[in-house]
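Asks:
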Amino acid sequence: MYVADRTWPELGEYVAEESVALIPLGSTEQHGPHLPLATDHLIAEGLAREAADRTGYLCTPTVNVGVSPHHRQFHGTMWVDPPQFRDYVESLTRNLAYHGIDRVVYVNAHGGNVDHLREVGRRLRDDGTMYAIEWMWDESIPDLVEEVFEHNGPHGGPKETAMIQHLAPDLVREDRLEAARDGGLVDVEDAEFLQKHGARTFYDAIENSENGVFGDQTDATAEIGERLFEAATEQLVRLLEWLDEQRLDDLLAPAHVDPQPGSRRE
Numbered sequence: 000m001y002v003a004d005r006t007w008p009e010l011g012e013y014v015a016e017e018s019v020a021l022i023p024l025g026s027t028e029q030h031g032p033h034l035p036l037a038t039d040h041l042i043a044e045g046l047a048r049e050a051a052d053r054t055g056y057l058c059t060p061t062v063n064v065g066v067s068p069h070h071r072q073f074h075g076t077m078w079v080d081p082p083q084f085r086d087y088v089e090s091l092t093r094n095l096a097y098h099g100i101d102r103v104v105y106v107n108a109h110g111g112n113v114d115h116l117r118e119v120g121r122r123l124r125d126d127g128t129m130y131a132i133e134w135m136w137d138e139s140i141p142d143l144v145e146e147v148f149e150h151n152g153p154h155g156g157p158k159e160t161a162m163i164q165h166l167a168p169d170l171v172r173e174d175r176l177e178a179a180r181d182g183g184l185v186d187v188e189d190a191e192f193l194q195k196h197g198a199r200t201f202y203d204a205i206e207n208s209e210n211g212v213f214g215d216q217t218d219a220t221a222e223i224g225e226r227l228f229e230a231a232t233e234q235l236v237r238l239l240e241w242l243d244e245q246r247l248d249d250l251l252a253p254a255h256v257d258p259q260p261g262s263r264r265e
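Throughout the sequence shown, residue numbering follows numbering that gives the first Met the number 0, covering 0 to 265 in sequence.
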């Protein structure tokens with residue numbers, strides 16, 4: 000159920016019986032010479048809408064701009080600073096709590112959002128508002144991603160290429176796949192600034208990849224993208240069903256240990 004397509008009485012009927020919602024989040028940032036800046040939010044929305052259709056749970060509009068300053072050197076990349084992103088997502092999520100939602104899955108497709116969504120979820124859980132968790136699509140199917148690609152890459156690589164070939168093939172510049180591979184970094188382990196003496200020494204993508212992408216994009220196909228999409232959607236559906244089965248009190252923050260050792264309280 001997509002919230003923006005419904006009337007308010009229909010949504011009243013939903014929250015009278017259900018308390019789960021999905022919030023898709025991505026980014027608007029460079030994904031090399033072959034993929035659109037919309038890549039991440041297209042993937043997040045595609046997965047969230049599909050899982051909502053299969054389960055009947057509520058899906059909100061997509062948050063299209065995320066925490067992406069590490070791609071700022073490339074034309075068109077948009078970002079918001081982490082504190083503002085966290086506050087915005089928290090406020091948006093509290094809207095849902097006001098209407099009766101008490102469990103949320105952040106359907107995320109951008110690595111730069113992960114830590115901040117986890118922090119928002121902690122805030123909401125710790126004050127007893129709701130239980131909100133971050134879900135990253137490729138982390139739900141790591142074995143499959145490793146199986147289908149020899150050189151995956153964390154950004155603009157074959158996994159994201161394949162997903163967009165499946166979801167929005169008209170937006171993939173198929174004639175630029177070899178250029179993406181040859182102008183980027185195929186093997187992440189070869190990154191010059193990846194790590195020095197135990198320290199992560201880079202801040203921006205351009206420091207390791209001239210065209211901003213990693214992996215071998217020529218390995219991607221729409222057929223593989225469909226496999227990834229179906230497998231990730233299945234994992235998301237299972238997560239939603241598990242979440243719906245839990246008692247809210249079991250999901251919220253545990254009480255402080257009491258009595259504390261040495262407190263002499265009874």
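Don't be surprised by glycine CBs; every beta carbon is placed ideally from N, CA and C.
Roughly how many angstroms lie between the CA atoms of Arg93 and Thr38, to the nearest whole one?
Replies: 27 Å
Asks: What's the call for Lys158, buried or exposed, on a 16-neighbour Cβ count within 10 Å?
Replies: buried
Asks: Is Ala219 a contact residue of the ligand SAH, with contact defined as CB to any heavy atom under 7 Å?
Replies: The ligand SAH is absent from the structure shown, which contains no ligand whatsoever.
Asks: Can you name, in chain order, every residue of its own chain whose Cβ lies under 6 Å from the Cβ of Asp218, other than the five neighbours on each side?
Replies: Excluding residues up to 5 positions away in sequence, Phe148, Pro157 lie with their Cβ nearer than 6 Å to the Cβ of Asp218 in the same chain.
Asks: Does the segment 14-30 come close enough to the segment 52-64 that 3 or more CB-CB pairs lie under 8 Å?
Replies: yes
Asks: Nearest-angstrom Cα distance between Val185 and Glu209?
Replies: 12 Å
Asks: So Leu166 and Gly45 are in contact, right, with Cβ under 8 Å, and what is the actual spacing, rounded?
Replies: At roughly 5 Å, the Cβ-Cβ gap stays under 8 Å, so Leu166 and Gly45 are in contact.
Asks: Tell me whether Thr220 sits in a helix, a strand or coil according to DSSP, three-state version.
Replies: coil
Asks: Rounded to whole angstroms, how far is the Cβ of Pro32 from the Cβ of Leu170, which I believe are closer than 8 Å?
Replies: About 13 Å separates the two Cβ atoms, so there is no contact after all.
Asks: Would you call Tyr13 buried or exposed, if buried means 16 or more other Cβ atoms sit within 10 Å of its Cβ?
Replies: buried
Asks: Apply the 10 Å Cβ neighbour rule to Leu176 and answer buried if 16 or more other Cβ atoms are within range, or exposed otherwise.
Replies: Per the 10 Å Cβ criterion, buried.
Asks: As an exercise, report each continuous beta strand (DSSP E) stretch of at least 3 residues that is fully enclosed by the segment 93-128, in chain order.
Replies: Correct list: 102-107.
Asks: Roughly how many angstroms separate the alpha carbons of Tyr1 and Thr54, rounded to a whole number?
Replies: Approximately 12 Å between the Cα atoms of the pair.
Asks: Go through the segment 139-187 residue by residue and report every complete run of the alpha helix (DSSP H) that reaches 4 residues or more, in order.
Replies: Entirely contained in the segment 139-187, the alpha helix (DSSP H) runs reaching 4 residues are, in chain order, 141-147, 157-166, 176-182.
Asks: Less than 8 Å between the CB atoms is what I'm expecting for Gln211 and Ala161, so what's the real figure, rounded?
Replies: Checking the displayed sequence, the identity of residue 211 turns out to be Gly instead of Gln. That pair is no contact at about 18 Å.
Asks: Using only CA atoms, which one of Gly152, Tyr105, Val113, Gln83 lies nearest to Ala50?
Replies: If we check each option's Cα against that of Ala50, Tyr105 comes out closest.
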